[in-house]
């Protein structure tokens, strides 16, 4: 809409219909099913859209306002769907063995969500389409993945800070408290970057002290082992956790409050729970593998020797690090502000000239 003032035409923002996620989804599904009457969509395709949108409502929260969802909210929903068991392809055996969503199903789900928001933007249910800022994309192999997996320094510090802070509402029973364990999980993943399989396989006996330094002997792929020193802060959290679980006889390091070894999916649940305590401005969804990227990215950005980083991550070839090195905002500017060939010349540190 525009308003004329003399010879100047001023564009006013469009009025947004602040529907809840559930209300918008219901209207959209009705529209999709109506297209089967005209032959624009087959009944089977319409039902696939409807099923995906219904799943989106459940994962996003039916009572939330659609226009309030950000790109990060959409990323969280897409990653939650990628981890969601496929109920139609359940394997024989316990629930934990159910098949995960295939890469094709994940890509289809993202297309369905994108189509919903494209329609929502066209009819005024959202002012801005959050898909434009969503970073999770569909890969031909491997399903939905975030474009940039590593957390920024501020995001990583926010996650670590939240992990080390006491939970605001601890459980009533003292034997169900998992604050220190969760802090240890986040700190190990963010600072040492182990594979999630290495983390859940870890036993208490794998940690030892040499000359006052705490080490973790990590059993990696192909039967290879590596001994990685723990940063002092991480070692302190490790000792605090051992004091909490001192009475446990199980050799597994990470235990549930029921005394069972944690599974891979439990680790993601811990990260998600800690993320809820991070300030929204520093919060971004991340997987255990994303924290592995975070470790590599920030160690390399800080000038840590590449071979040392390779040994921390447990790779046999330096070239493999290229897959884990993500680009950080502003890192080129930082590098050029203190160029190694210009330091101590002409009485300054080689800082780039300001823009004119």
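In the UniProt record's numbering, the protein residues as written are 1 to 356. All C-beta atoms, glycine included, are put in the ideal place defined by N, C-alpha and C.
Let's see if you can read the secondary structure: which residues bound the beta strand (DSSP E) around residue i?
{"i": "residue 209", "result": "207-210"}
{"i": "residue 305", "result": "No beta strand (DSSP E) contains residue 305, which DSSP labels as neither H nor E."}
{"i": "residue 214", "result": "213-219"}
{"i": "residue 229", "result": "225-229"}
For residue i, which residues of its own chain have a beta-carbon under 6 Å away from its beta-carbon, when the five flanking residues on both sides are left out?
{"i": "residue 68", "result": "none"}
{"i": "residue 42", "result": "none"}
{"i": "residue 189", "result": "288, 291"}
{"i": "residue 167", "result": "179"}
{"i": "residue 162", "result": "274, 277, 278"}
{"i": "residue 60", "result": "21, 77"}
{"i": "residue 49", "result": "32, 112"}
{"i": "residue 266", "result": "none"}
{"i": "residue 404", "result": "Limits of the chain in this structure are 1 at one end and 356 at the other, which puts residue 404 out of reach."}
{"i": "residue 155", "result": "282, 284"}
{"i": "residue 5", "result": "For residue 5, the predicted model reports a pLDDT of 46, less than 50, meaning its position is unreliable; a value from the coordinates is still stated below. Nothing meets the Cβ criterion."}
{"i": "residue 80", "result": "59"}
{"i": "residue 365", "result": "This structure leaves residue 365 out entirely; the chain is present only between 1 and 356."}
{"i": "residue 46", "result": "32, 33, 36"}
{"i": "residue 208", "result": "215"}
{"i": "residue 202", "result": "253"}
{"i": "residue 164", "result": "183"}
{"i": "residue 157", "result": "none"}
My guess is that residue i and residue j are in contact by the Cβ rule of under 8 Å, so how many angstroms apart are they, rounded?
{"i": "residue 181", "j": "residue 254", "result": "6 Å"}
{"i": "residue 63", "j": "residue 20", "result": "6 Å"}
{"i": "residue 103", "j": "residue 293", "result": "About 20 Å; that fails the 8 Å criterion."}
{"i": "residue 296", "j": "residue 286", "result": "With a Cβ gap of about 14 Å, residue 296 and residue 286 do not count as contacting."}
{"i": "residue 29", "j": "residue 53", "result": "6 Å"}
{"i": "residue 270", "j": "residue 192", "result": "The Cβ separation is near 16 Å, so there is no contact."}
{"i": "residue 134", "j": "residue 74", "result": "4 Å"}
{"i": "residue 159", "j": "residue 186", "result": "6 Å"}
{"i": "residue 40", "j": "residue 66", "result": "With a Cβ gap of about 24 Å, residue 40 and residue 66 do not count as contacting."}
With a threshold of 8 Å on Cβ separation, who are the neighbours of residue i within its own chain once the five nearest residues in sequence on each side are excluded?
{"i": "residue 261", "result": "200, 250, 252, 254, 255"}
{"i": "residue 22", "result": "57, 62, 63"}
{"i": "residue 225", "result": "217, 218, 219"}
{"i": "residue 100", "result": "82, 83, 84, 85, 86"}
{"i": "residue 197", "result": "264"}
{"i": "residue 132", "result": "71"}
{"i": "residue 206", "result": "216, 217, 218, 219, 253"}
{"i": "residue 244", "result": "177, 180, 181"}
{"i": "residue 314", "result": "194, 195, 198, 218, 220, 221, 224, 226"}
{"i": "residue 114", "result": "131"}
In chain order, what residues of the same chain lie with their CB nearer than 7 Å to the CB of residue i, ignoring the 5 residues before and after it?
{"i": "residue 138", "result": "106, 107, 110, 144"}
{"i": "residue 17", "result": "124, 125"}
{"i": "residue 129", "result": "117, 118, 121"}
{"i": "residue 228", "result": "192, 215, 216, 218, 312"}
{"i": "residue 241", "result": "180, 181, 184"}
{"i": "residue 15", "result": "124"}
{"i": "residue 153", "result": "298"}
{"i": "residue 358", "result": "The chain is shown from 1 up to 356; residue 358 falls before or after that span and cannot be answered."}
Pull the bridge partners of residue i from the DSSP assignment, please.
{"i": "residue 264", "result": "Looking at the DSSP assignment, residue 264 forms no beta bridge with any residue, so it has no partner."}
{"i": "residue 85", "result": "100"}
{"i": "residue 65", "result": "20"}
Quick one: give me the first and last residue of the alpha helix (DSSP H) that residue i is part of.
{"i": "residue 119", "result": "103-123"}
{"i": "residue 55", "result": "43-60"}
{"i": "residue 38", "result": "21-38"}
{"i": "residue 161", "result": "153-164"}
{"i": "residue 232", "result": "232-244"}
{"i": "residue 357", "result": "Because residue 357 is not part of the residues shown, which for the chain are 1 to 356, the question remains open."}
{"i": "residue 249", "result": "Per DSSP, residue 249 belongs to no alpha helix (DSSP H) and is neither H nor E."}
{"i": "residue 199", "result": "196-201"}
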